[in-house]
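Student: Please read through the structure below; I'll follow up with questions.
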């Protein structure tokens, strides 16, 4: 499968003070390996462990934390508020576009209308205890996976961007990101000043390669979810690929670490936000940032067929 046709695609920062090196994001510099906080809902009955995990992430040099008020209906944001301090100098990104729906089949309901987006920003500000969210991602119901919009939830992107830019002008959010967006939608949104895209992407799912190329050309961060393949049964997983396992054994790392390292090598605008509820797994993810993949290994991994 082809990679973006940009000569410096393999270049990575050598700033060893940050996991995975450093990259520009929303007007500042952050670690290329961040932390996605959704898994902290598994520690709902052990908040002290969750706080310890977040503190350990900061100690390891992670300064990009991705969250959402819908994670535990404010639970995860409250944990972040307790654990992280102003002196940690972290960037917190969040997302809106859905509300918690504990009694529903997927525990979520869409909240796409402009007034719902504003309410979602206010919820995040309150639960995080912040005056401004550095990056607010609008999750659209346009692309896989997730709910599809019907009725009053089928909202035009331009109307949503108008609401987002208004909140940016008011200082409630610092920058705008998009998630689950189509390529056409991204092109339409670029004039609004998009700083990142969160779509499904991994070594075994490169259907959005065109997105990555466009984001790289426009200076937009690419923040993939499902970075190790889909959790949906029957879909490919990076760690199960023979070539990944062989590379991992040769390098002395785990297959998952190799999968994360490949993403960092693949394009310089990739920022990772792997999540976990365990310190050991967190440290393993951070260690992936120091793995160097040679040209022969990269060529083999690039050749893995995806979906």
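Residue numbers (full-length UniProt numbering): 1 to 307.
Every residue gets a Cβ at the ideal spot worked out from N, C-alpha and C, and that includes glycine.
Drop a sphere of 10 angstroms on the beta-carbon of residue 107, count the other beta-carbons inside from all chains shown, and report buried for 16 or more, exposed for fewer.
Tutor: In the chain shown, the residue the question calls residue 107 occupies position 107. That one is exposed.
Student: Ignoring anything shorter than 3 residues, give me the beta strand (DSSP E) runs that lie fully in the stretch 88–149, in order along the chain.
Tutor: 91–96, 98–100, 108–110, 133–139
Student: Spell out the partners DSSP gives residue 169 in its beta bridges.
Tutor: Along the chain shown, read from residue 1 onward, the residue named residue 169 stands at position 169. According to DSSP, which records beta bridges pairwise, residue 169 is partnered with nothing at all.
Student: Are the stretch 224–233 and the stretch 196–214 in contact at 8 angstroms, needing three or more beta carbon pairs?
Tutor: yes
Student: Could you tell me whether the stretch 35–47 touches the stretch 64–73, where touching means 3 or more Cβ pairs closer than 8 angstroms?
Tutor: yes
Student: Looking at C-alpha atoms only, which residue of 47, 83, 53, 121 is the closest neighbour of residue 96?
Tutor: Taking the first residue of the chain shown as position 1, residue 96 is located at position 96. Ranking 47, 83, 53, 121 by Cα distance to residue 96 puts 121 first.
Student: On a Cα-Cα basis, can you pick out the residue from 148, 290, 278, 124 that is closest to residue 263?
Tutor: Here the question's residue 263 lines up with position 263 in the chain shown. For residue 263, the nearest C-alpha among the options comes from 290.
Student: Assign residue 307 to buried or exposed, taking buried as 16 or more other Cβ atoms, counted over all protein chains shown, within 10 Å of its Cβ.
Tutor: Residue numbering aside, residue 307 sits at position 307 when the chain shown is read from its first letter. Looking at its Cβ environment, which holds fewer than 16 other Cβ atoms inside 10 Å, residue 307 is exposed.
Student: Comparing C-alpha positions only, which one of 261, 278, 276 sits nearest to residue 270?
Tutor: Locating residue 270 in the chain shown gives position 270, counting from the first residue. Out of 261, 278, 276, 261 has the C-alpha closest to the C-alpha of residue 270.
Student: In angstroms with no decimal places, state the Cα-to-Cα distance between residue 242 and residue 230.
Tutor: On the chain shown, residue 242 is found 242 positions in, with the first residue counted as 1. On the chain shown, residue 230 is found 230 positions in, with the first residue counted as 1. Between the alpha carbons of residue 242 and residue 230 lies a gap of roughly 17 angstroms.
Student: Pop quiz: residue 176 and residue 142 are said to be a contact at Cβ under 8 angstroms. What is the actual Cβ separation, rounded to whole angstroms?
Tutor: Within the chain shown, the letter at position 176 stands for residue 176. Within the chain shown, the letter at position 142 stands for residue 142. Contact doesn't hold; Cβ gap of about 16 angstroms is too wide.
Student: With 16 as the cutoff for other CB atoms within 10 Å, does residue 282 come out buried or exposed?
Tutor: Here residue 282 refers to the residue found at position 282 of the chain shown. The residue is buried, with at least 16 neighbouring Cβ atoms inside 10 Å.
Student: I'd like the list of long-range same chain contacts for residue 148, defined as Cβ closer than 8 angstroms, with 5 residues on each side in sequence excluded.
Tutor: Taking the chain shown and counting its residues from 1, one reaches residue 148 at position 148. So the list reads 141, once near-sequence residues are dropped.
Student: According to the Cβ coordinates, are residue 20 and residue 28 closer than 8 angstroms?
Tutor: The sequence position of residue 20 within the chain shown is 20, counting from 1. The sequence position of residue 28 within the chain shown is 28, counting from 1. For the pair residue 20 and residue 28, the CB atoms are not nearer than the 8 angstroms cut-off.
Student: Name, in chain order, the residues that DSSP records as bridge partners for residue 28.
Tutor: As a first step, residue 28 must be located in the chain shown, where it is residue number 28. Residue 28 pairs with 25.
Student: So the candidates are 80, 62, 167, 251; which of them puts its Cα closest to the Cα of residue 115?
Tutor: Counted from its first residue, the chain shown places residue 115 at position 115. Here the closest residue by C-alpha is 167.
Student: Using the beta-carbon count (16 or more within 10 Å), is residue 232 buried or exposed?
Tutor: One-based indexing of the chain shown puts residue 232 at position 232. Exposed: under 16 other Cβ atoms inside 10 Å.
Student: Going by C-alpha distance, which of 239, 220, 100, 277 is nearest residue 304?
Tutor: Taking the chain shown and counting its residues from 1, the one referred to as residue 304 is at position 304. Closest by alpha carbon: 239.
Student: How many angstroms separate the CA atom of residue 256 from the CA atom of residue 228?
Tutor: Numbered from its first residue, the chain shown carries residue 256 at position 256. Numbered from its first residue, the chain shown carries residue 228 at position 228. One C-alpha to the other measures close to 7 angstroms.
Student: Since residue 50 and residue 79 should fall inside the 8 angstroms C-beta cutoff, what is the C-beta to C-beta distance between them, to a whole number of angstroms?
Tutor: Counting from 1 along the chain shown, the entry for residue 50 is found at position 50. Counting from 1 along the chain shown, the entry for residue 79 is found at position 79. With 8 angstroms as the limit, residue 50 and residue 79 qualify as a contact, their Cβ atoms being about 5 angstroms apart.
Student: Tell me, which residues are paired with residue 36 by DSSP?
Tutor: Stepping through the chain shown from its first residue, residue 36 is reached at position 36. Residue 36 pairs with 66.
Student: With C-beta atoms as the reference, is residue 77 less than 8 angstroms away from residue 127?
Tutor: Here the question's residue 77 lines up with position 77 in the chain shown. Here the question's residue 127 lines up with position 127 in the chain shown. Cβ atoms of residue 77 and residue 127: closer than 8 angstroms.
Student: Just list the residues that DSSP pairs residue 178 with in beta bridges.
Tutor: For the purposes of this step, residue 178 is identified with residue 178 of the chain shown, where counting begins at 1. Residue 178 pairs with 138, 197.
Student: Identify every run of the alpha helix (DSSP H) within the stretch 245–273, keeping only runs that are complete inside it and at least 4 residues long; order them along the chain.
Tutor: 255–266
Student: To the nearest angstrom, how far is the alpha carbon of residue 151 from that of residue 288?
Tutor: Looking up residue 151 in the chain shown gives position 151. Looking up residue 288 in the chain shown gives position 288. So the two alpha carbons sit approximately 44 angstroms from each other.
Student: Can you tell me whether DSSP reads residue 205 as helix, strand or coil?
Tutor: The residue labelled residue 205 in the question sits at position 205 within the chain shown. Residue 205 falls in the strand class under three-state DSSP.
Student: Decide if residue 103 is buried, meaning its Cβ has at least 16 other Cβ atoms within 10 Å, or exposed.
Tutor: As a working note, residue 103 is residue 103 in the chain shown. Under this definition residue 103 is an exposed residue.
Student: Going straight from the alpha carbon of residue 91 to that of residue 296, what length do you get?
Tutor: Indexing the chain shown from 1 puts residue 91 at position 91. Indexing the chain shown from 1 puts residue 296 at position 296. For residue 91 and residue 296, the distance between alpha carbons rounds to 35 angstroms.
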